[in-house]
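A short write-up of the structure that comes next.
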Amino acid sequence: MPQEAQNAAPLLEVRNITKMYGDLAANSDVSLSIDEGEIHALLGENGAGKSTLVKVIYGSLQPTSGEVWWQGKKITIANPAAARELGVGMVFQHFSLFDALTVAENIALALPGKLDLAGLSEKISRVSKDYGLPLEPTAHVADLSVGERQRIEIVRCLLQEPKLLIMDEPTAVLTPQEADQLFLTLDRLAEEGCAVLYISHRLDEIKRLCHHATILRHGKVVADVDPQEETANSLASLMVGADIHTISAKSGRETGAVILGINNLNAPADGPFGVALKNIQLDVRAGEIVAVAGVAGNGQGEFFDALSGEVAANTSQAVKFLDTEVGHLGIIKRRKLGAAFVPEERLGHGAVPEFSLSDNVILTRHATGDDIVASGVVKNVIADDIQTRISDDFDVRKALPDPEARSLSGGNLQKFVVGRELDRDPKLLVINQPTWGVDAGAAALIRQAIIDLAARGSAVLIISQDLDEIFEVADRIAVVSRGQLSDARPATELSLEEIGMMMAGSHEKNSDHDSDRGEVASA
Amino acid sequence: MEAIILTIITAATPLLLAAMGELVVERSGVLNLGVEGMMVVGAVCGFGAAYASGSVTLGILAGIAGGMIIALLFAIMTQTFLSNQVATGLALTLLGLGVSGLIGESFVGVPGVKLGQIYIPLLTDLPYVGRILFGQDILVYGSVALMMATSYVLFKTRTGLVIRAVGGNHHSAHALGYNVIAVRYAAILFGGACAGLAGAYLSLAYTPQWVENMTAGRGWIALALVVFASWMPVRIMIGAYLFGTIWILGLVVQAMGYGIPSQLLSSLPYLVTIAALVIISGNRTLTKINSPAMIGQPFVPDR
Amino acid sequence: MKLILEKRPQRSAKMALLSPLLAIALTVFFGGVIFALLGLNPLRALYVYFLEPLTSWWSIQELVIKAAPLVLIGVGLAVCFEAKVWNIGAEGQLTMGALAGSMIPVFFTGWQSPLTLVAMLVLGIIGGALFGAIPAFLKTRFNANEILTSLMLVYVAGYLADWLVRGPWRDPDGFNFPKSVNFEGWQVLPTIFGDRIHIGAILAVAAALVLAFVMAKTLKGFEIRIMGNAPRAGMFSGFSPKKTVWFAMLLSGGLAGLAGICEIAGPAGHLQPLISPGYGFTAIIVAFLGRLNPIGVIFAGVMLAISYLGGESAQIDLGVSARISQVFQGMLLFFILACDTLILYRIKLLSGGSRKVTGA
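Chains as they are written, first to last, in the working numbering: chain A, 124 to 646; chain B, 40 to 342; chain C, 273 to 632.
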């Protein structure tokens, strides 16, 4: 930390921050300090309290107790505007952007003063060129890729000439190459004296980038370390503490007949901001796990819908299950044949938040031979029995015997939603983002259950953004980018770099990317 | 012919006023189905105040105030108590019709006060266009000015940008530090003022008297106009004048007596509204692009 | 001080029962305030308005007659609103049901058999359902908002009825009054419990019981609830949003149509320009006051029938306008919606200081 000697007082210091939600302490007695020009990592699992702490620093939450000091003075950050005035900028994990507005309008919303879009556009072009973050000020956000959207967030912060830049999981949505580009930008900012608070749970990034790391677990600071002096393993054990989870390795399983055959699957974009699928080919065999990797928003949703039958495929033979052409069959018929599906969004798609767990059992199992429904009448007792069985088998922790789905934590609900399908012992499982936003314990349980299912001879197709997860469970990997799917190759043959190149579109058949983008944008 | 155009303009003006208010409300992400209720309260308050004081200005102000008071109820219910916006909008209409009927009972058959037309020597006397361009009442010009001002504010100022941002994504707006609830309160009150003014126009200018339920579904047509205009102020004006024309043409044809049942002609505005909705809504790209993404969704900030 | 809502982890069963009662209590209280403002003794006025209708056999009969159509329409709307299909054109569907059912007495004046009545009721249901099918078609085919289309059709139905009774369907021996021929014999609903309550009341209760079973115990009920609550999950479950719209509109339209023909073949006895005193709109309040539960709707229908009768007795005994009942109804709906917030949220009062970090 080169600047440390120059300033006696740190740029930002939070002391003993506690934030209570009812009886739950999201942050408990958290302290950390950041100097100018320092890239400081905030490391922790999902639910460790990183986001809460950051919201306190950015003024969008008020702590229950504790102090915030800025350049040696004790202050109160009443709201985000006050934070911005101090010189705190934030790049949100789930971007704080407006699809219907232009790049310039999005940026103007975070800047004080009179609205001058023409002048602002000029500034945007200048700054974005300066830092290697190309942006078109008049473009509508809806038409931009995830990487481009992140650039808007960054440029928006840079225009405020920040002293402290907060980045919440910035690489979760980037290809490895895009991430490298981002690191260069952050290095340069740090050299210019800007401090960066970098939130992540990716250990290699933190070792690559950060000068200092504060590690949170269950809302408390468990360590304050120099990442250069740690190994990825030592950081990991600090992060998860005693709850280390190992997954029994996938052994060389025998693969059997083709269970899921996808032939020339095409699908239109789902709404004006969706991505169309083009000529998708893929086979998934009995006993194997195939993963579809890719940056969010490259057609994964459309792909899942076409496989589940929520949207009919272009032709009947585009999707084959066992020997049946199912492309034009609905989701109920596909389930009856022995297929099971877990969508990405738990609340409102995979489960109804306001329904009890037993009603949520009925959701996917009213026609799958569990005798829940007889001549149109629902037998709640049977649904409740199944609900209890799933909860026991998959360690779903709940406060009531049959609570509403929304009252469960993300991890417990995901265990329930996955368990509901695995409980049927399906011949095929299609699962979109299996452990998205789930704590490590639940993630390990879910991944293990998926591996066990394949070991019993079922076919599994995983759609995931999480490359660590993919390498942990998948036998073969294909990459989706702008609605096109690469050939699936054995996981052992692929490196992270190769996948990164494919995520950026190296396998796309249509070389004319610009016209391709235009088509997507206007669809 | 000149007379017909003059009546078309007075028929279009209340639609334009009410729809412009609702446009801002919907742009902020709120669906207030109570336009009819706010309008009819505006009409009775406007009539009553003008009748009691003899002043049209006071009548107009009372109409605006009446619309705002009942809109405030909607705002409290939907923004603070997070009630369902569709149901609350319906409640607003039912309450508005009831309250206005009760207040207005003593006004039935009473001669009203009429808002006068302006007269500019020479200009108003011009042949053909004089009265149409320079001989209207002040609110006709006011409604056009309102359209231009709304368009300017929405698309050229920070206020408008914030309104559109809140309606487009309230989570993002909140994360940037904007007070979503406060913006929506303000938009709802503006919508109430516009609807109240539109109602007062009916009872002070269009037909200067009080008749129960005198809005006759105009509030609902204003709601349809917002969809028809795909949330663009200029198109609201075009739509309002189109509907005003249909409304008046029905009356004109009736007066000519072609043997067409009067009831069919009276149904015409409602049938045309349905047709317009079908044409516009069928075109999904047109409705999707401008339609505020958050419309009808309550916002609950995390603490 | 600041008022905040805290989401409950679990919907409160206690509040679900209490909220309609609380809403009624608030309406009665503010009703008293309004009466006081009108210069009346609030206690006496409230007695006249809410309790006097229950003190004589005549008015209890009247209560049942008014509650029957409200419950019939209200249960249909309850199912509709549960599916988040916003049919607010029940008044128009009621009118069309009345017109369709009246075709029998108008065109087959002499036909007298039990089947006459059955045919009238069936035609009433079909007429209402077909009129409800229009918004359903426009919604599923063209994505047109059903709130606006169903409401516009109310006006159209009203003008159609007006034209028919003044024109082609006018009773030739009716001294030029705008009304149809008088219905007689099997063209009129039989009465029960005395001479005025007709079988419409039984139909209403039966409809409520059947729909209560459908909603609570069948897969159809599950479909309605899931499509209204989380349509994406409903599609994942294998249901079609379009089919739900059709089902909800046909059901609520058919029941409104049945209420319409019962009104004409019951209390009225002939077609007239004005078929109902706004039952189709009041039934919206009934559905919400019954918390969209068919059994709850029965009680809510009686409550709203009291408000109609109360308005009449207030006019006679107190000299207050009968419009007061509309105000009461609107107020009641407002309070129900506000009180329903308590089912999902806890209300907390925070003093301003406790939320802030203490400054330097």
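Note that beta-carbon positions come from the ideal geometry of N, C-alpha and C, so glycine has one too. This one's a predicted model, so the numbers in the text were calculated from it and none came from an experiment.
Distances from the alpha-carbon of C:Glu418 to those of B:Leu121, B:Pro331 and B:Ile313 put B:Ile313 closest.
Sequence-ordered contacts of the region 94-123 of chain B with chain C read Leu112, Met116, Thr119, Phe120, Leu121, Ser122 and Asn123 [C-beta pairs closer than 8 Å].
Sequence-distant partners of B:Val266 (beyond 5 residues in either direction) whose C-beta falls short of 8 Å from its own C-beta, in its chain, are Leu316, Ile319, Ser320 and Thr326. Taking 8 Å as the CB threshold, A:Ser151 stays off the interface with chain B. Exclusion of the five residues before and after A:Arg599 leaves Glu411, Val413, Ala611, Arg612, Pro613 and Ala614 as the residues of its chain whose Cβ lies within less than 7 Å of its Cβ.
In this chain, the beta strand (DSSP E) harbouring A:Val442 covers Val442 to Phe444. Under the three-state reduction of DSSP output, A:Pro613 falls in the strand class. A:His263 is bridged by DSSP to A:Thr225.
Going by C-alpha positions, A:Ala563 is about 16 Å away from A:Phe594.
B:Phe194 sits exposed, since fewer than 16 C-beta atoms from the chains shown fall within 10 Å of its C-beta.
Inter-residue distance for C:Ile547 and C:Gly400 is about 14 Å (C-alpha atoms, whole angstroms).
Scanning chain C for C-beta atoms nearer than 8 Å to the C-beta of B:Tyr309 yields Met424, Leu425, Tyr427 and Val428, reported in chain order. 8 Å or more divides the Cβ of C:Glu278 from the Cβ of C:Arg497. Look at the region 458-535 of chain A and you find these whole runs of alpha helix (DSSP H), each 4 residues long or longer: 480-488 and 503-516. Apart from sequence neighbours up to five positions away, the residues of its chain that approach C:Ala505 with a beta-carbon distance below 8 Å are Ile498, ordered along the chain.
Under DSSP, A:Met143 takes part in a beta bridge, and its partners are A:Ala148. In summary, B:Met78 is buried, with 16 or more beta-carbon neighbours lying within 10 Å of its beta-carbon over all protein chains present. Using a Cβ-Cβ cut-off of 8 Å, B:Ile227 is close to nothing in chain C; its nearest Cβ partner there is about 15 Å away.
Contact between the region 278-285 of chain B and the region 409-426 of chain C is absent: fewer than three C-beta pairs spanning the two stretches fall below 8 Å. Contact between the region 528-543 of chain C and the region 450-458 of chain C is established, with three or more Cβ pairs separated by less than 8 Å. One thing to note: A:Val583 has its Cβ no nearer than 8 Å to the Cβ of A:Val344. For B:Ile159, there is no enclosing alpha helix (DSSP H), as DSSP gives it neither H nor E. DSSP places B:Trp286 in the helix class (H, G or I) of the three-state scheme. At a cut-off of 8 Å between beta-carbon atoms, B:Leu243 makes no contact with chain A. Here B:Gln156 really is in contact with B:Gly174; their C-beta atoms are around 5 Å apart, less than 8 Å. The beta carbon of B:Val339 sits closer than 7 Å to those of Leu121, all from its chain and outside the five residues before and after it, given in chain order. The shortest CA-to-CA distance from C:Gln601 to any of C:Leu590, C:Phe553 and C:Leu614 is the one to C:Phe553. Between the alpha carbons of B:Asn218 and A:Ser251 lies a distance of about 29 Å. Residue contact check for A:Phe539 against chain C: no CB pair falls below 8 Å. In this structure, A:Pro186 lies near A:Thr141, with their beta-carbon atoms less than 8 Å apart. Counting every other CB atom within 10 Å of its CB across the protein chains shown gives C:Phe301 a total below 16, marking it as exposed. Within the region 257-284 of chain A, not one residue has a Cβ closer than 7 Å to any Cβ of chain B.
Here the alpha carbon of A:Gly195 sits roughly 55 Å from the alpha carbon of C:Leu298. Listed along the chain, the chain A residues whose CB falls inside 9 Å of the CB of B:Gly207 are Phe221, Asp222, Ala223 and Leu224.
Near chain C, meaning a CB-to-CB distance below 9 Å, the residues of the region 236-267 of chain B are Glu251, Ala255, Gly256, Trp259, Ile260, Leu262, Ala263 and Val266. Comparing C-alpha distances from A:Leu405 to each of A:Ser219, A:Ala601 and A:Leu619 shows the shortest one belongs to A:Ala601.
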